[in-house]
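Here the structure is laid out as structure tokens; the discussion comes afterwards.
4 protein chains.
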Amino acid sequence: MGKYGFLGIGIMGRAMATNLLKAGFDVTVWNRSAEKCAPLVDLGAKNGKTAADVVAHCDITFAMVSDPGAANTLCFGKNGVLEGISAGKSYVDVSTVDAGTAILIHDAIKKKGGRYLEAPVSGSKKPAEDGALVFLCSGDESLYKDAGEALDVMGKKSFYFPQIGQGAQMKLVINMIMGTMMTAFAEGLSLGDKIGLKKTAILDVIAQGAINSPMFQLKGPSMTVGDFTTAFPLKHMQKDMRLALLLGDSYCQPLYTSSAANNAYITARKNGCSDEDFSAVIKNIEK
Amino acid sequence: MGKYGFLGIGIMGRAMATNLLKAGFDVTVWNRSAEKCAPLVDLGAKNGKTAADVVAHCDITFAMVSDPGAANTLCFGKNGVLEGISAGKSYVDVSTVDAGTAILIHDAIKKKGGRYLEAPVSGSKKPAEDGALVFLCSGDESLYKDAGEALDVMGKKSFYFPQIGQGAQMKLVINMIMGTMMTAFAEGLSLGDKIGLKKTAILDVIAQGAINSPMFQLKGPSMTVGDFTTAFPLKHMQKDMRLALLLGDSYCQPLYTSSAANNAYITARKNGCSDEDFSAVIKNIEK
Amino acid sequence: MGKYGFLGIGIMGRAMATNLLKAGFDVTVWNRSAEKCAPLVDLGAKNGKTAADVVAHCDITFAMVSDPGAANTLCFGKNGVLEGISAGKSYVDVSTVDAGTAILIHDAIKKKGGRYLEAPVSGSKKPAEDGALVFLCSGDESLYKDAGEALDVMGKKSFYFPQIGQGAQMKLVINMIMGTMMTAFAEGLSLGDKIGLKKTAILDVIAQGAINSPMFQLKGPSMTVGDFTTAFPLKHMQKDMRLALLLGDSYCQPLYTSSAANNAYITARKNGCSDEDFSAVIKNIEK
Amino acid sequence: MGKYGFLGIGIMGRAMATNLLKAGFDVTVWNRSAEKCAPLVDLGAKNGKTAADVVAHCDITFAMVSDPGAANTLCFGKNGVLEGISAGKSYVDVSTVDAGTAILIHDAIKKKGGRYLEAPVSGSKKPAEDGALVFLCSGDESLYKDAGEALDVMGKKSFYFPQIGQGAQMKLVINMIMGTMMTAFAEGLSLGDKIGLKKTAILDVIAQGAINSPMFQLKGPSMTVGDFTTAFPLKHMQKDMRLALLLGDSYCQPLYTSSAANNAYITARKNGCSDEDFSAVIKNIEK
Numbered sequence: 001m002g003k004y005g006f007l008g009i010g011i012m013g014r015a016m017a018t019n020l021l022k023a024g025f026d027v028t029v030w031n032r033s034a035e036k037c038a039p040l041v042d043l044g045a046k047n048g049k050t051a052a053d054v055v056a057h058c059d060i061t062f063a064m065v066s067d068p069g070a071a072n073t074l075c076f077g078k079n080g081v082l083e084g085i086s087a088g089k090s091y092v093d094v095s096t097v098d099a100g101t102a103i104l105i106h107d108a109i110k111k112k113g114g115r116y117l118e119a120p121v122s123g124s125k126k127p128a129e130d131g132a133l134v135f136l137c138s139g140d141e142s143l144y145k146d147a148g149e150a151l152d153v154m155g156k157k158s159f160y161f162p163q164i165g166q167g168a169q170m171k172l173v174i175n176m177i178m179g180t181m182m183t184a185f186a187e188g189l190s191l192g193d194k195i196g197l198k199k200t201a202i203l204d205v206i207a208q209g210a211i212n213s214p215m216f217q218l219k220g221p222s223m224t225v226g227d228f229t230t231a232f233p234l235k236h237m238q239k240d241m242r243l244a245l246l247l248g249d250s251y252c253q254p255l256y257t258s259s260a261a262n263n264a265y266i267t268a269r270k271n272g273c274s275d276e277d278f279s280a281v282i283k284n285i286e287k
Numbered sequence: 001m002g003k004y005g006f007l008g009i010g011i012m013g014r015a016m017a018t019n020l021l022k023a024g025f026d027v028t029v030w031n032r033s034a035e036k037c038a039p040l041v042d043l044g045a046k047n048g049k050t051a052a053d054v055v056a057h058c059d060i061t062f063a064m065v066s067d068p069g070a071a072n073t074l075c076f077g078k079n080g081v082l083e084g085i086s087a088g089k090s091y092v093d094v095s096t097v098d099a100g101t102a103i104l105i106h107d108a109i110k111k112k113g114g115r116y117l118e119a120p121v122s123g124s125k126k127p128a129e130d131g132a133l134v135f136l137c138s139g140d141e142s143l144y145k146d147a148g149e150a151l152d153v154m155g156k157k158s159f160y161f162p163q164i165g166q167g168a169q170m171k172l173v174i175n176m177i178m179g180t181m182m183t184a185f186a187e188g189l190s191l192g193d194k195i196g197l198k199k200t201a202i203l204d205v206i207a208q209g210a211i212n213s214p215m216f217q218l219k220g221p222s223m224t225v226g227d228f229t230t231a232f233p234l235k236h237m238q239k240d241m242r243l244a245l246l247l248g249d250s251y252c253q254p255l256y257t258s259s260a261a262n263n264a265y266i267t268a269r270k271n272g273c274s275d276e277d278f279s280a281v282i283k284n285i286e287k
Numbered sequence: 001m002g003k004y005g006f007l008g009i010g011i012m013g014r015a016m017a018t019n020l021l022k023a024g025f026d027v028t029v030w031n032r033s034a035e036k037c038a039p040l041v042d043l044g045a046k047n048g049k050t051a052a053d054v055v056a057h058c059d060i061t062f063a064m065v066s067d068p069g070a071a072n073t074l075c076f077g078k079n080g081v082l083e084g085i086s087a088g089k090s091y092v093d094v095s096t097v098d099a100g101t102a103i104l105i106h107d108a109i110k111k112k113g114g115r116y117l118e119a120p121v122s123g124s125k126k127p128a129e130d131g132a133l134v135f136l137c138s139g140d141e142s143l144y145k146d147a148g149e150a151l152d153v154m155g156k157k158s159f160y161f162p163q164i165g166q167g168a169q170m171k172l173v174i175n176m177i178m179g180t181m182m183t184a185f186a187e188g189l190s191l192g193d194k195i196g197l198k199k200t201a202i203l204d205v206i207a208q209g210a211i212n213s214p215m216f217q218l219k220g221p222s223m224t225v226g227d228f229t230t231a232f233p234l235k236h237m238q239k240d241m242r243l244a245l246l247l248g249d250s251y252c253q254p255l256y257t258s259s260a261a262n263n264a265y266i267t268a269r270k271n272g273c274s275d276e277d278f279s280a281v282i283k284n285i286e287k
Numbered sequence: 001m002g003k004y005g006f007l008g009i010g011i012m013g014r015a016m017a018t019n020l021l022k023a024g025f026d027v028t029v030w031n032r033s034a035e036k037c038a039p040l041v042d043l044g045a046k047n048g049k050t051a052a053d054v055v056a057h058c059d060i061t062f063a064m065v066s067d068p069g070a071a072n073t074l075c076f077g078k079n080g081v082l083e084g085i086s087a088g089k090s091y092v093d094v095s096t097v098d099a100g101t102a103i104l105i106h107d108a109i110k111k112k113g114g115r116y117l118e119a120p121v122s123g124s125k126k127p128a129e130d131g132a133l134v135f136l137c138s139g140d141e142s143l144y145k146d147a148g149e150a151l152d153v154m155g156k157k158s159f160y161f162p163q164i165g166q167g168a169q170m171k172l173v174i175n176m177i178m179g180t181m182m183t184a185f186a187e188g189l190s191l192g193d194k195i196g197l198k199k200t201a202i203l204d205v206i207a208q209g210a211i212n213s214p215m216f217q218l219k220g221p222s223m224t225v226g227d228f229t230t231a232f233p234l235k236h237m238q239k240d241m242r243l244a245l246l247l248g249d250s251y252c253q254p255l256y257t258s259s260a261a262n263n264a265y266i267t268a269r270k271n272g273c274s275d276e277d278f279s280a281v282i283k284n285i286e287k
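Protein chains in written order, with UniProt numbering: chain A, 1 to 287; chain B, 1 to 287; chain C, 1 to 287; chain D, 1 to 287.
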């Protein structure tokens, strides 16, 4: 089974590392603010001194940080991943980064003889706790196989795409559809409400038909009562839509409908909803 | 149990009447082109001479015709429903008509002492055959109850909304969401395709996540192979979107994202896809 | 020169009839509320008893009313135009009506032997006072020529289109472009403002370049100070955009950009700007 | 009057430097491909050996290159502007660059004691030849004054904005409005055409009214005959719209209508119109 490292113990990282520990994996953890590692140590994790140290002592090291900037710092910074990597060592970054960042990290690690897999996840806190994440992987295919045991513990499904960067791009495509669906849903609920159809009735009808989706059933009830407790921050959804639209631009792919939805999220940011759940996009649509 | 009439034996009507017959109901059928009734007569149906005749001899008569114009003709035309209706007789129009038409028919029938229920269905050929339609009803509430036994045979679920016309409006709201979702889906598949992600891979990822829906699973595989065999004609989807947008306009409800999607369907009509399935909206987006 | 009638003495009608009188035309006026005719009588106008009476006694009668409903009532109502029309009499409706209404009135008048010209105007109060309107005519071509002398007094330019209804349609096309241009302008001013460019500076730069237009120079300064005194009510602009979009829909012409602009006007209506000038569309864009 | 340098002798640069020479200015020119300088030498220009050389020997040096990349190379490259600049020397870059590039160049030149003005132009070949450009300046205000004499020869108007980068941003705002206006115009012409109104008739009506603009009068006639000879390449317009939209995104400014127009240009690029005039956006709208 070997030794596993886990860098970045935030909400997601903690849940994922917890699942590895519960499954009996040998896990060494590290976090920028060391105190966050304590609950995992209580579960049997070892404490790594630095990211470089963890990478150097483990066979496969996972990382889950918040954005491309943090992923870059973690890899290229002092005592970072790059200082610990060498032939025989592997690095699986499950953070969401853009394709450019994934390629940069990939090339640097390969140059030092290590193996790299970009493996952004689809799913937020609950699926992370339930071991029900989906991994969108690209990079070293042999590593994809070797990391499979751990990925299977943390997630319900993994995908492998041949080109490095495609994991990130797949996630953008999915999130662009998600963001536009949510806006369509919000427009429908708002229109219905205006003409005297109760939102709960609309949800009931949707639940019976072809357009039903886990997202509508999960978010619909909270949206009808104005509860926008953050699962996926609206500003992150808008960032993903912006990046997906730029991707479309660079490939000459017009995206009229998604562009309109993107503007709905920008409007929501303007109105102070950046840190609320992305379903808060309905607030400015219906008001 | 009483006597049931069924007017309009097209693809949908035939499937629905068949289910009534199989469930042992006493059904009298009528269709403008009489020969279409033959398969139902083989299953035990009686042949009505005219629509008026069917309405006059049955307790509850259902009708399923193609559009508001046909619904008006069936009701107000020579030998039409209105000539047969009277106190004690009931009429359930399961066609999709606009709220104005529903109100018109409702008022005319009520004036003659009859009862009227507008009950447009959500679902197309397959659900009709499987008795899995959803009925969106408004009008006479006592008739909604009395027709329940038959509705339960033909569908899996019925909803009742207090204002006449709300059945039609609910359907528009649902179809607007559906049409916009389909466009979002088409934009995502097209973008993915441009950047080298296989459509089948995108479908696989969607199937694992929060945005999955029966529609994506049903339409996705045929869309990836360019099969647009008509289940719900694109021109009807575009008509529903137009009507929903006009409804929004009359209630001062901006609908930016749905408007963009509506233009995608108009573009598809311009390119000759009116009679294909509405999923053909992807053709002009991806080409 | 002959005798001229003028029906409908509102802001526009008064200015137009005044110009006819000042040019020495023999004018008989009529208005639903008779007191509005007094200032024109002071200028030498005769008072007509009813619309029918004016039409019957004049060679060419002009009408300027507020909308298709009023145009219909004026024509088909009691003591209306149709009661006065006969061979040798002519009716020029300079109100803005939809093509359907124009065709209806055209057919009714033609049937009674009269001549009809639809001649909606481009231009509002100021051009009306200055005799600088533009007439978009269709209908009887001989009447277009015979009415030319009067049109030349009230306007600076007239156009004739062969198909009845095309005057109305041309006006919709022009107003759709106008409404979308105004939204583009509002988005540009709002973006500039956000990044620290003064609106007055943007107007100065625009004034020097290829995109300058009388509309920007007229509306820009008042928009920068938040003055939305009504010249052309926002609700009428939105109505024209809706009608133009529906026209596009019926001809399979996608209109993505104009649809987005239309939603901006709907948003403005939702926010209480219906009766302000259409340039108030900027309020919700910039706020 | 002093000594002037001019770097970058393309279509625009040649016309601008020619105007300086004709006005009697002492001009030293340099171009990457030296042979392009010959016509200017014939008019009396001196030949510079390198960009650094020109900057070192002239009081004020202008530069007109194609994009931010070229502007960076010209400034920071071997024998570039930075090698020649020193206290008492001034650099006016009239190329169109993004605000970030302008700030970078500004800071580098200031550090070496020189003065810098970003001065992107509004206007293409014809205004350049006619000395009718508009300069959108920001940077060193004293240089703005000192360069005034030369700017007045090359252009009809100059503007100064206090923050470095605002010249570039003003240009983006103007071009965003321009691009959206052109799309509105194209949608109007296309709709008119579908309903039987000749494009030339629409142009005639526009010419009489509030929405008329030099752009419509210049581009309209060629658009009606399908002539899209490049004055401003479509791909550059789309790039400017993309940058303006990103600017809006970063300032939480929703831009629904401009986003739709941007997609029209992306569609045009997809259909092979990148190098045609930006008015070619009508091709895919009307087809």
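Positions of the beta carbon are idealized from the N, C-alpha and C atoms, including for glycine.
At a cut-off of 9 Å, the C-beta of D/M154 has no neighbouring C-beta in chain C.
In the three-state reduction of the DSSP assignment, C/D26 falls in the strand class, which pools E and B. In this structure B/L82 touches B/A108 by the C-beta definition: roughly 6 Å separates them, less than 8 Å. Ranked by Cα distance from A/G48, the first of A/V27, A/V65, A/D67 is A/V27. B/E118 counts as buried, since no fewer than 16 other beta carbons sit within 10 angstroms of its beta carbon. Beta-bridge pairing by DSSP links C/R115 to C/S90. Burial check for C/A102: the Cβ neighbour count within 10 Å reaches 16 or more, so the residue is buried. Counting other Cβ atoms within 10 Å of its Cβ, A/I11 stays below 16 and is therefore classed as exposed. Identification of residues in the segment 149–174 of chain A having a C-beta nearer than 8 Å to some C-beta of chain B yields K156, K157, F159, F161, Q163, Q166, Q169, M170, V173, I174, given in sequence order.
The segment 7–59 of chain B is shown to contain whole alpha helix (DSSP H) runs of 4 or more residues at 11–22, 38–42, 51–57, in chain order. Boundaries for A/G226: no alpha helix (DSSP H) harbours it, and the DSSP string shows neither H nor E there. Chain B has a Cβ within less than 9 Å of the Cβ of A/N263. Every alpha helix (DSSP H) of 4 residues or more that sits fully in the segment 112–183 of chain C is shown, in chain order, as 125–129, 141–146, 148–154. Residues of chain D whose Cβ lies closer than 9 Å to the Cβ of A/I177 do not exist; the shortest such Cβ separation is about 17 Å. Counting C-beta pairs with one atom in each stretch, the segment 250–259 of chain C and the segment 254–264 of chain B have three or more that are closer than 8 Å, which means they touch. For C/F185, the secondary structure class from DSSP, reduced to helix, strand or coil, is helix.
Straight-line spacing of the CA atoms in B/G139 and B/P162 works out to 7 Å. The three-state reading of DSSP puts C/T73 in helix, counting H, G and I together.
Contact of D/Y251 with chain C is assigned, a C-beta pair being separated by under 9 Å. DSSP lists B/G5, B/Y91 as the beta-bridge partner residues of B/T61. In its chain, beyond the 5 residues on either side, F216 have a beta carbon closer than 7 Å to the beta carbon of C/F185.
At a Cβ-Cβ threshold of 9 Å, C/T267 and C/K171 do not count as neighbours. Remark: C-beta atoms of C/A17 and C/A34 do not approach each other more closely than 9 Å. For C/G248, the uninterrupted alpha helix (DSSP H) segment begins and ends at 234–250. The contact set of D/A260 on chain A, defined by CB atoms closer than 8 Å, consists of Y256, S259, A260 in chain order. Measuring C-alpha to C-alpha distances from A/K235 to each of A/F278, A/A201, A/P254, A/N271 identifies A/F278 as the nearest.
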